[in-house]
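Notes to accompany the following structure.
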Amino acid sequence: MMINSIGFVGTGAITEAMVRGLLAAPAYASEIHVSPRSAHIAATLAQEFTAVRIAGDNQTVVDRSDMVFLAIRPQIAEEVVRALSFRTGQVVVSLVAATERQALLNWIGADVHLVQAIPLPFVAQRQGVTAILPPDAAVAALFDTLGTAVQCKSKKEYDLLAAASAMMSTYFGIMETVAVWLEKSGLERPKANAYIAPLFASLAQKANSPGTEPFSALSREFATKGGLNEQVLSDVDKKGGLAALTAALDGVLARIEGRNS
0 MMINSIGFVG TGAITEAMVR GLLAAPAYAS EIHVSPRSAH IAATLAQEFT AVRIAGDNQT
60 VVDRSDMVFL AIRPQIAEEV VRALSFRTGQ VVVSLVAATE RQALLNWIGA DVHLVQAIPL
120 PFVAQRQGVT AILPPDAAVA ALFDTLGTAV QCKSKKEYDL LAAASAMMST YFGIMETVAV
180 WLEKSGLERP KANAYIAPLF ASLAQKANSP GTEPFSALSR EFATKGGLNE QVLSDVDKKG
240 GLAALTAALD GVLARIEGRN S
């Protein structure tokens, strides 16, 4: 399946990742229009892909696209979106973080088909998992091309997955903590990195394998009774590590839902 024309209002890192994924062989779009902001990223994409067109302004992106992605920071979203004119029935996909659906519709000011999505950088390699709200066949098909789409039935589901996506930095932070400990304990840093990255990648691959047991079962499987893995998990739990993680997720969900403003 191929969409004739896709547009991106905002040309940052996520736009670049999506464009690269969409235009990897086989391409998913015949034309992709990008805004002139972030000129370096726009120019780089246009040089690499003949399907990429740099629009003169954001309105041109909207006018020339069947499906428009709003890939802008929430701090400037209202100003940017209110200035645009959309077509009735046009498919608009908002990538704007922590922004209420009704606010987006008010800013758009037209009867569009609005879907919200949370793509992650891995869409560039067509390995991203993307939450979308509400369920939508066409938008889900696009994100399935870029990895996997998870169609949420409610705002609560969508907000919960948005909170879970905030774990990415912590994941790498744990890897860094282990690598720093290894280095301080006498292992060369390149060797530490060369060991830790594949270890974590293999664990993620195991968890994502078809028919894999629940995470709790995997945790027990990798924690031999009286063994080293069991000891680390137990110590982290006793020192409040797991409770701190749960509290952090509660906090980020409150922020997403606007309960701590």
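If you read the sequence shown in numbering that gives the first Met the number 0, its first letter stands for residue 0, the second for the next number, and so on. The beta-carbon is built from N, C-alpha and C at its ideal position, and this holds for glycine as well.
Considering only C-alpha positions, which residue in the set the options is nearest to residue i?
i	options	result
Gly11	Asn3, Ala42, Leu159	Ala42
Val80	Ala96, Asn105, Ala97	Asn105
Ala162	Ala97, Ala54, Glu30	Ala97
Asp135	Phe171, Ala123, Val91	Val91
Gln126	Phe142, Phe171, Leu44	Phe142
Gln89	Gln230, Ser233, Ser4, Leu202	Ser4
Thr147	Ile117, Ser37, Asn259, Ile13	Ile117
Glu99	Gly225, Lys154, Met166, Gln230	Lys154
Cys151	Arg254, Val128, Ile173	Val128
Ile107	Val8, Ile255, Val251, Pro209	Val8
Gln115	Glu229, Gly55, Ala139, Leu186	Ala139
Gln124	Leu22, Ala203, Ala102, Asn207	Leu22
Met166	Arg219, Leu119, Phe214	Leu119
Ser168	Ala247, Ser233, Thr14	Ala247
Asp65	Leu186, Ile2, Gly55	Ile2
Val251	Asn57, Gln101, Leu160	Leu160
Leu244	Ala203, Ala196, Ile173, Ser208	Ile173
Which partner residues does residue i have in the DSSP bridge list?
i	result
His39	The partner list for His39 (beta bridge, DSSP) is empty, contrary to what the question assumes.
Met66	Ile5, Val90
Arg52	His32
Gln150	Ile131
Ala23	Ala23 pairs with nothing; no bridge assigned.
Val114	Val92
Using beta-carbon positions only, say whether residue i and residue j come within less than 8 Å of one another.
i	j	result
Val67	Gly20	no
Arg188	Ala200	no
Tyr157	Leu132	yes
Leu295	Ala193	The chain is shown only over 0 to 260; residue 295 falls outside these bounds and no answer can be derived.
Val95	Ala82	no
Ile53	Pro25	no
Val149	Ala137	no
Below 8 Å on the Cβ atoms is my guess for residue i versus residue j; work out the distance and round it to an integer in Å.
i	j	result
Ser93	Leu113	7 Å
Ala261	Ala28	In the structure displayed, the chain extends from 0 to 260; residue 261 sits before or after that span and is not available.
His39	Val60	Incorrect: roughly 18 Å between the Cβ atoms, too far for contact.
Thr144	Asp110	Contact flag wrong, Cβ pair sits at about 27 Å.
Leu227	Val235	Contact flag wrong, Cβ pair sits at about 13 Å.
Leu217	Ala206	6 Å
Glu212	Ala222	About 13 Å; that fails the 8 Å criterion.
Can you check whether the C-beta of residue i is within less than 8 Å of a C-beta belonging to chain C?
i	result
Ala161	Note that chain C does not occur in the displayed structure, where there is just one protein chain.
Review point. Is the segment 45-55 close to the segment 70-80, with three or more CB pairs under 8 Å?
Key: Note that the segment 45-55 does not touch the segment 70-80; fewer than 3 beta-carbon pairs, one per stretch, sit closer than 8 Å.
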